[in-house]
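Asks: The structure follows.
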Amino acid sequence: VDMANKIEKNSVIKATGMSMPVLGIGTWQATDKEIEIALDAALDAGYRHIDTALRYKNEVAIGNTLKKWFASNKVKREDLFITTKLPPTGNNRKYVEKALKESLSNLQLDYVDLYLIHHPYGFVYEEESGFYNFPRDVNGKIKLDLTTDLVALWKAMEEQVDAGRTLAIGVSNFNSEQIGRILKSARIPPATNQVEMYLYFQQKELQEFSKNSGVKITAYGPLGSPGLENYIQAGGGSIHGIRSLNPLKDPVVIKIAKAHNKHAAHILLRHLLQLGVAVIPKSANPSRIKSNFDVRYYH
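Right under this line is the structure:
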């Protein structure tokens, strides 16, 4: 069996029949400069799936980079698969259209391929804060919107498909019970559930639910959090006990990688791809971005 072909088949979105590349580039916590470098490297390497979100505050930088690529005729809009997300401040039926239109304006696009509810909980929306900043009470705590209704919210998501602003819709950070609630009344079922998933956090129950429901899993953080040590040290914290949480340094992973003459990252990504899970590793390093893309071509 040609594993590259087997993996490619896993990219079909059941709800629409459209194809989602199983390997994408993640952009969380990327600065504007990093975005330009990363997207240039990714598009050059052959990536066609770009994942962002309104709350990442980098859609404008992504839009500017895409505009440059479209103008060069190196890539067409229809060649790309672009995902963005509804922020928790927009988790109310009346704000979905407004939030998506803001994302489309930032990205300089007429439509996205996939629009996700970023989180199952909602924060209060305040006009002066907009969607980006989460409003806080006098004690500095984020104001939760306790009226969030996922079923009503999903109907507003379906309306965005009807309006042509997105081709498919899905969720992120949802559990199976929350997705089940949506599925009971959905006219358009969720295409995917984007969640944290990697070697040490395999989401076995969610995998089972995914197989039974047809709601595909997309994994963010598929390499774990290799930058966690630097992040903790920069904040003056201790990394004692943290080092062992980095799967890229796992002795078994390293052993398998050496046996196949591959990088540890290849093994971690391949593991998820062979489970039928899409992956969106984030990197600002052009050589690593290229190397990660090559994971599709060995078996």
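Positions in the sequence shown are counted from 1; adding 18 to them yields the numbering used here. Even for Gly, the Cβ is constructed at its ideal location relative to N, Cα and C.
1) Measuring straight from C-alpha to C-alpha, what distance separates V93 and A63?
2) Tell me whether T165 sits in a helix, a strand or coil according to DSSP, three-state version.
3) In three-state terms, what does DSSP make of K308?
4) Suppose the cutoff is 8 Å on Cβ atoms and the five residues either side in sequence are ignored; what does the same chain contact list for N152 look like?
5) Just to confirm the assignment: which complete alpha helix (DSSP H) runs, minimum length 4, are found wholly within the region 40 to 81?
6) Could you pull the start and end residues of the alpha helix (DSSP H) that L201 belongs to?
7) For L118 and I272, I'd like the C-alpha separation in whole angstroms.
8) Name the two residues that bound the continuous alpha helix (DSSP H) containing K116.
9) Run through the DSSP bridge pairs and tell me what A237 is partnered with.
10) Using C-beta distances below 8 Å, list every residue in its chain close to A204, excluding the 5 sequence neighbours before and after it, in chain order.
11) Do you know offhand how far K112's Cα is from S309's?
12) Where does G188 sit, in a helix, a strand or coil, going by DSSP?
13) What number of angstroms, rounded off, separates the C-alpha of E54 from the C-alpha of N82?
14) If I'm right that T210 touches K229 with Cβ under 8 Å, what's the distance once you round it to whole angstroms?
15) Just the C-alpha distance for V114 and P269, rounded to the nearest angstrom, thanks.
16) Quick check on the burial criterion: 16 or more other C-beta atoms within 10 angstroms. Buried or exposed for R154?
17) Tell me whether A237, by its Cβ, gets closer than 7 Å to a heavy atom of the ligand HEM.
Replies: According to the structure shown:
1) Start at 1 with the first residue of the sequence shown, and residue 93 comes out as number 75. Start at 1 with the first residue of the sequence shown, and residue 63 comes out as number 45. Each residue's Cα considered, the two are about 12 Å apart.
2) Residue 165 sits at position 147 when you count from the first residue of the sequence shown. T165: coil per DSSP, three-state reduction.
3) For the purposes of this step, residue 308 is identified with residue 290 of the sequence shown, where counting begins at 1. Looking at K308 - three-state DSSP - the assignment turns out to be helix.
4) As a working mapping, residue 152 is identified with position 134 in the sequence shown. Correcting the residue type first, residue 152 is Phe in the shown sequence and not Asn. Hits under 8 Å: P106, T107, F141, I160, K161.
5) 50 to 63
6) If you number the sequence shown from 1, residue 201 lands on position 183. Per DSSP, L201 belongs to the alpha helix (DSSP H) from 194 to 203.
7) Numbered from 1 along the sequence shown, position 100 holds the residue referred to as residue 118. Numbered from 1 along the sequence shown, position 254 holds the residue referred to as residue 272. Straight-line Cα distance between these residues: approximately 42 Å.
8) What you label residue 116 is simply residue 98 of the sequence shown in a count that begins at 1. From DSSP, the alpha helix (DSSP H) with K116 extends over 114 to 125.
9) Here the question's residue 237 lines up with position 219 in the sequence shown. Answer by DSSP bridge pairing, in chain order: V213, V297.
10) Mapped onto the sequence shown, residue 204 falls at position 186. Same-chain partners within the cutoff: W172, E176.
11) On the sequence shown, residue 112 is found 94 positions in, with the first residue counted as 1. On the sequence shown, residue 309 is found 291 positions in, with the first residue counted as 1. Going from the Cα of K112 to the Cα of S309 covers about 43 Å.
12) The count along the sequence shown starts at 1 and reaches residue 188 at position 170. G188: strand per DSSP, three-state reduction.
13) Locating residue 54 in the sequence shown gives position 36, where the first residue counts as 1. Locating residue 82 in the sequence shown gives position 64, where the first residue counts as 1. Cα-Cα distance, rounded: 9 Å.
14) Here residue 210 is taken as the residue at index 192 of the sequence shown, counted from 1. Here residue 229 is taken as the residue at index 211 of the sequence shown, counted from 1. The Cβ separation is near 14 Å, so there is no contact.
15) The residue labelled residue 114 in the question sits at position 96 within the sequence shown. The residue labelled residue 269 in the question sits at position 251 within the sequence shown. Between V114 and P269, the C-alpha separation is close to 46 Å.
16) Position 136 of the sequence shown, counted from the first residue, corresponds to residue 154. With fewer than 16 other Cβ atoms within 10 Å, it is exposed.
17) Because no ligand of any kind appears in the structure shown, any question about the ligand HEM cannot be addressed here.
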